[in-house]
Amino acid sequence: MTRRDATAPRGASVVVVGGGVTGLSAAWWLARGGVDVLVLEKGVVGWEASGRNGGGCSHHHSPLFAEEQRLWPLMDDLLGYPTEFRPCRVRIALDESQMAYFDVGIGNAARQGFRAERLDSAQVRELVPLVGDTVVGGAFFHFGGHANPHRTVQAYAWALEDLGGRVLQHTPATGFRTSGGRVVGVATPVGEFGCDSLVLAAGPQTAELAALLGIDLPLAFGRAEIIVTEPVPLLRYGGADGNGLYGRQTLRGNLAYGGGPHEWLADAAPGARPAATPLSRNIARRLVELFPRSAHVRVIRSWAGIVENTPDGRPVIERMAAPDNVVLATLSSVGFGLSPASGRAVADLVLTGSCGFADLPPFVLSRFAGLDPCWRQRQGWTAAGDPPEDKAA
Amino acid sequence: MGRHVDPMSIAGEEAQAEERFPIVVVGAGPAGCAAAAEAAAHGVPVLLVDEHPVEPGLIGLDVPYHFGQRADGSVQNRGRMLERVVETNPALAEAFERGVEIRLGTTVWGAFANGPTVGCLPEPLLGLADGGRSWLVGYRRLIVAAGRRDLGLVFPGWEQPGVMGVTALHALVERYGAFAGRRIVMLGSGAEALVAVLAALEAGLEVAAVVEVAPSPLGPPDLVSAVEAARVPLLTSTVIAGTDGAAGGVEAARLQRLDDQGTPRLSAEQTIACDTVCLGVGAVPNVEIFDLLGCRLAYRPELGGHVPVTDEVLCTSLPEVHAAGDCTGVTPGKSLDPGVAAAEGRLAGGQAAASLGATPRAAPALPARDRASHVGAGASLEAWIRAVQATAREDLVICQCEEVTRADLIGVRPPRYLGAASPGFARRGLDTLLAGGPLNQDQVKRLTRAGMGACQGRRCREQVAALLTLAADTAAPDVPPLPTYRPPLRPLPLAVLQDDREPEAMRERWHPWFGIASQWTPPWELDQGEQASRGD
């Protein structure tokens, strides 16, 4: 990563606050365009949700889907570092309701010109020998796929540096200086970094940073968990999941899966290590149901991650009106797979004010304009021990 | 107004303990048995849990000790192993007589308590498992007497069967009576190594040599004398250069004399026939459970590595958690005399019981920490690593599970089997990574996969930390990076880890992600004027 200067901090044309996949991808797109960009990351790049997710790249519901699909097969070459991306997905159903769920995906994809079809149980068994007699069928997506979150995050960071961009780790943004209705500097413990434009893509911390600029971004924070097994022989398609689980087989052979009830938290607890809970036992149960032939396979680790969600669970990717040089970007807990596209969208917004390849009106902050200040309580997205009503307006 | 609860969240489905005890003691070694007996003598119900006998599958994975494929077939005989574990540990019978509930062959794979990122647990919980299933146990006080484990040392041939750790040697020889070797070369001359040598001789095994890179033996003088009196050659200023072996594993150890500067004297090689090379450079306190619960740890090389920070009554930084025995620090005194660990156990057990309101009995004094001339594992390991590096003619595999070599580690490269070569990697390495911040072993692990294997880093964790520190060329940091521990603390089959008593409510409400319907609504279905809502 970029060495910290001993002299006064050197700002950039664009300062990106947040070294997760969204911020890094945006910075990489900007660097590709020859823009002088600096990423400020409070810890280590990709440390939080960006490095703790299931690695899926198949978001057929998103306006960014087509661009996501165009880019992933190119990413290793574009970045110059491996992401371990592998194409296609196999969805596995153990009952008819799960099959119906996959039909939604097949429909979404077909509507956008992407191929997917139902599989019968014999076809699933052939593709994924780990399944048992309980499989009723599935779906094969000729699109999407999966990648290694750790490698991908690091690849973005290294690639943007190779292009002349900078990444400063262990440098949290603590405030902003504005002038004439624009943000002109980002305050940090090591000094202020000047900027012509600002991107806020700091995951859960995006809300409190936006609040410093008078922008109300409603977010709630939740914890999710994943379990990982020892390696097993490689499946033909590692992007195989179902039975209420998301996840994949890694290129090493580990089965890495998550799912199940999240826990809402009062705050994102930055700096605290997200702790796993006994939910791993319930994830394990579903993995055994999905892959009965893996019942003997040993779980060797688990982890938890904290994500942020907007009230409707959809992203905010928008250039603000005031200050008018700020782009806000939260992918509302579904950020990794979409990152090649979301980063491009953010870069477009910074440079031109609009996204050149996709229609982003669904992602504007103003859709929350009439939001009840007690929306978390209304939706039940409250933490254990939270008061029944949020007294703060 | 009634409280609305997100049905897709954990609220209402929180993990439940199947059983609970006021005090749980983890580990039935001298410290754990003493702690359990003492707490029970205070009238408090106690559960004492110990993972031995360990199931053969884990032994093959070098979990929890570096068994090096030198366990014989009798470990398959579970009944016999249980008998051995009881026979060889009289303190277990004493604890039993005090009314302690004892579970052998039972692993503590998880420790869960509410904190900054978890608020849903009804009480502090431990995850337990025997060979068949797993379950949760609630506790009010936890005494961790989890002991120690082996310290890995990499040298040419260390992957061969027959290279094992000193703690594993003790377990196989004394506890299980299942050691398949006959003739041992011991690496290291600290107290742990010499105690193991004497135990091996006592069991009728041969010890062909004790090898030590330092110019003189590191253990206490009376131990050294005892080993010399048994006519075991003590080869100082000597390093292992490699092993010769065949299908059955090690058949000989190749040793290399060093000069006063620690440089190999290339004309001074020696080969010693043996079937076992024992890594006795040190032993590492087991701090996994402390790390899971967030107890403060300190790096104390003279005690074997990271240890929990404890007060004068062996309470950790968490008031509900006490520590006793080797997991608070490995010392010559403790390695020589089980009474030292037992005294710690009695203190911790009494304290835990008193903290629950039991009338305190006469408080045993905490044995004085014996420092003597004990060279900590950290400094000793570094000397060994330097000596091995000076002699090794090839790149060495550091992480056996993931096939990560030393060059991969220093280059921060993915393992070769991923076929992920990129010209960009030539520009990158540990030096460029360090330019961006302090050494973070978890970050290096993510990129190289060192430590991500089935042995859960037991064989390589300390070696990786030492190599990274050496390569980073910084003075040894105050606290070397400690990659985090995560549950399960032992590899557990999916079928064992699974919740076989999952409540129906959880099944009905299970969703792969947050269950926010509007999260997945495609753009053509969005209502233009839609109000923000969960959109069910």
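First to last, the protein sequences are chains C and D. The first sequence runs 1 to 393 under this note's numbering. The second sequence runs 1001 to 1536 under this note's numbering. Virtual Cβ for every residue (Gly too), placed ideally from N, Cα, C. A quick note: this is a predicted structure, and the numbers were derived from the prediction, not measured.
Original post:
In chain order, what residues of the same chain have a beta carbon less than 8 Å from the beta carbon of Ser1074 (chain D), not counting five sequence neighbours either side?
Top reply: In its chain, beyond the 5 residues on either side, Arg1080, Met1081, Tyr1176, Gly1177, Ala1178 have a beta carbon closer than 8 Å to the beta carbon of Ser1074 (chain D).
Original post:
What does a CB cutoff of less than 6 Å around Gly1157 (chain D) pick up in its chain, not counting 5 residues either side in sequence?
Top reply: Excluding residues within five positions, the ones whose Cβ falls inside 6 Å are Gly1242, Thr1243.
**OP:** Find out if the Cβ-Cβ distance for the pair Gly20 (chain C), Gly370 (chain C) is shorter than 9 Å.
**Re:** No.
**OP:** Using the Cα positions of Phe1067 (chain D) and Thr1405 (chain D), report the straight-line distance between them to the nearest angstrom.
**Re:** Cα to Cα, Phe1067 (chain D) sits roughly 22 Å from Thr1405 (chain D).
Subject >> Under the three-state DSSP convention, the category His262 (chain C) falls into >> reply: Looking at His262 (chain C) - three-state DSSP - the assignment turns out to be strand.
Original post:
What are the residues that DSSP puts in a beta bridge with Asp120 (chain C)?
Top reply: In DSSP, Asp120 (chain C) forms a bridge with C:Gly137.
**OP:** Determine the burial state of Tyr1417 (chain D): buried for a count of at least 16 other Cβ atoms within 10 Å of its Cβ, exposed for fewer.
**Re:** With fewer than 16 other beta carbons inside 10 angstroms of its own, Tyr1417 (chain D) counts as exposed.
Original post:
So, using beta-carbon positions, are His146 (chain C) and Gly239 (chain C) closer together than 9 Å?
Top reply: His146 (chain C) places its beta carbon less than 9 Å from that of Gly239 (chain C).
Subject >> Thr1328 (chain D) (DSSP reduced to helix, strand or coil) >> reply: Three-state result, Thr1328 (chain D): helix.
Subject >> Cβ pair count under 8 Å reaching 3, the stretch 255–267 of chain C against the stretch 1111–1129 of chain D >> reply: For the pair of segments examined, the stretch 255–267 of chain C was found to touch the stretch 1111–1129 of chain D: the number of CB pairs separated by less than 8 Å reaches three.
Original post:
Could you check where the alpha helix (DSSP H) with Pro1338 (chain D) kicks off and where it finishes?
Top reply: Counting along the chain, Pro1338 (chain D) sits inside the alpha helix (DSSP H) bounded by residues 1338–1355.
Original post:
Considering only the beta carbon of each residue, do Ala1071 (chain D) and Cys1033 (chain D) sit closer than 9 Å?
Top reply: The answer is no: Cβ separation not under 9 Å.
Original post:
For Thr1167 (chain D) versus Leu1492 (chain D), is the C-beta distance shorter than 9 Å?
Top reply: No, Cβ-Cβ distance for Thr1167 (chain D) and Leu1492 (chain D) is not below 9 Å.
Subject >> Inside the stretch 164–206 of chain C only - beta strand (DSSP E) runs reaching at least 3 residues >> reply: Counting whole runs of 3 or more residues, the stretch 164–206 of chain C contains the beta strand (DSSP E) stretches 166–168, 175–179, 182–188, 191–200.
Original post:
Roughly how many whole angstroms lie between the Cα atoms of Val186 (chain C) and Gln169 (chain C)?
Top reply: Each residue's Cα considered, the two are about 15 Å apart.
Subject >> Secondary structure of Asp1244 (chain D), DSSP reduced to three states >> reply: Residue state, collapsed to three classes: strand.
**OP:** State yes or no: is the beta carbon of Thr22 (chain C) nearer than 9 Å to at least one beta carbon in chain D?
**Re:** No, Thr22 (chain C) lies away from the interface with chain D (no Cβ there is under 9 Å from its Cβ).
Original post:
If you compare alpha carbons, which of C:Thr352, C:Thr83, C:Cys374, C:Val136 is closest to Thr152 (chain C)?
Top reply: Comparing alpha-carbon positions, the option among C:Thr352, C:Thr83, C:Cys374, C:Val136 lying closest to Thr152 (chain C) turns out to be C:Thr83.
**OP:** Could you please give the first and the last residue of the uninterrupted alpha helix (DSSP H) stretch that includes Thr152 (chain C)?
**Re:** DSSP places Thr152 (chain C) in the uninterrupted alpha helix (DSSP H) bounded by 149–162.
Original post:
alpha helix (DSSP H) containing Leu1121 (chain D): first to last residue?
Top reply: Membership of Leu1121 (chain D) in any alpha helix (DSSP H) is not indicated, and neither H nor E is assigned to it by DSSP.
Original post:
Looking at C-beta atoms only, is the number of pairs between the stretch 1262–1282 of chain D and the stretch 1379–1397 of chain D that lie closer than 8 Å three or more?
Top reply: Three or more beta-carbon pairs separated by less than 8 Å link the stretch 1262–1282 of chain D to the stretch 1379–1397 of chain D, which places the two stretches in contact.
Original post:
Taking C-beta to C-beta, are Val297 (chain C) and Ser280 (chain C) nearer than 9 Å?
Top reply: No, Cβ-Cβ distance for Val297 (chain C) and Ser280 (chain C) is not below 9 Å.
Original post:
For Asn108 (chain C) and chain D, any beta-carbon pair shorter than 9 Å?
Top reply: By this cut-off, Asn108 (chain C) is an interface position.
**OP:** Answer with yes or no whether the minimum CB distance from Ser1317 (chain D) to chain C is below 9 Å.
**Re:** No, because no Cβ of chain C sits closer than 9 Å to the Cβ of Ser1317 (chain D).
Original post:
By the criterion of Cβ-Cβ separation under 7 Å, what are the contact partners of Gly288 (chain C) in chain D?
Top reply: The sequence shown places Val at residue 288 (chain C), rather than the Gly named in the question. In chain order: Leu1494, Ala1495, Gln1498.
**OP:** Could you please give the first and the last residue of the uninterrupted alpha helix (DSSP H) stretch that includes Val1224 (chain D)?
**Re:** Residues 1221–1229.
**OP:** Could you name the residues of chain C that His1322 (chain D) contacts, counting a contact when the two beta carbons are closer than 7 Å?
**Re:** At a beta-carbon threshold of 7 Å, none of the residues of chain C lie near His1322 (chain D); the nearest stands roughly 21 Å away.
Original post:
Pairing CB atoms from the stretch 1011–1025 of chain D with CB atoms from the stretch 1134–1152 of chain D, are three or more of them under 8 Å?
Top reply: Touching, yes, given that three or more Cβ pairs across the two stretches are closer than 8 Å.
**OP:** For Trp1520 (chain D), count neighbouring C-beta atoms within 10 Å of its own C-beta (all shown protein chains included) and say buried if the count is 16 or more, exposed if not.
**Re:** That one is buried.
Subject >> Selection of the stretch 1110–1126 of chain D by Cβ proximity to chain C, strictly under 9 Å >> reply: Of all residues in the stretch 1110–1126 of chain D, those with a C-beta nearer than 9 Å to a C-beta of chain C are Gly1110, Phe1112, Ala1113, Asn1114, Gly1115, Pro1116, Thr1117, Val1118, Gly1119, Cys1120, Leu1121, Leu1125, reading in chain order.
Subject >> Unbroken stretches of the beta strand (DSSP E), 3 residues or longer, contained in the stretch 222–302 of chain C >> reply: Listed in chain order, the complete beta strand (DSSP E) runs (minimum 3 residues) inside the stretch 222–302 of chain C are 240–242, 246–249, 255–258, 263–265.
Subject >> Secondary structure, alpha helix (DSSP H): runs of 4+ residues fully inside the stretch 359–385 of chain C >> reply: Whole alpha helix (DSSP H) segments, 4+ residues: 375–379.
**OP:** For His1004 (chain D), go through chain C and note every residue whose CB falls closer than 8 Å to its CB, in chain order.
**Re:** What His1004 (chain D) touches in chain C: Gln377, Arg378, Gln379, Gly380.
Original post:
Helix, strand or coil for Trp1537 (chain D) per DSSP?
Top reply: Given that chain D is displayed from residue 1001 to residue 1536, the structure contains no residue 1537 (chain D) and the question cannot be resolved.
**OP:** Taking only the alpha-carbon atoms, compute the straight-line gap between Gly18 (chain C) and Ile92 (chain C) and give it to the nearest angstrom.
**Re:** So the two alpha carbons sit approximately 35 Å from each other.
Original post:
So Arg1449 (chain D) and Pro1415 (chain D) are in contact, right, with Cβ under 8 Å, and what is the actual spacing, rounded?
Top reply: At roughly 6 Å, the Cβ-Cβ gap stays under 8 Å, so Arg1449 (chain D) and Pro1415 (chain D) are in contact.
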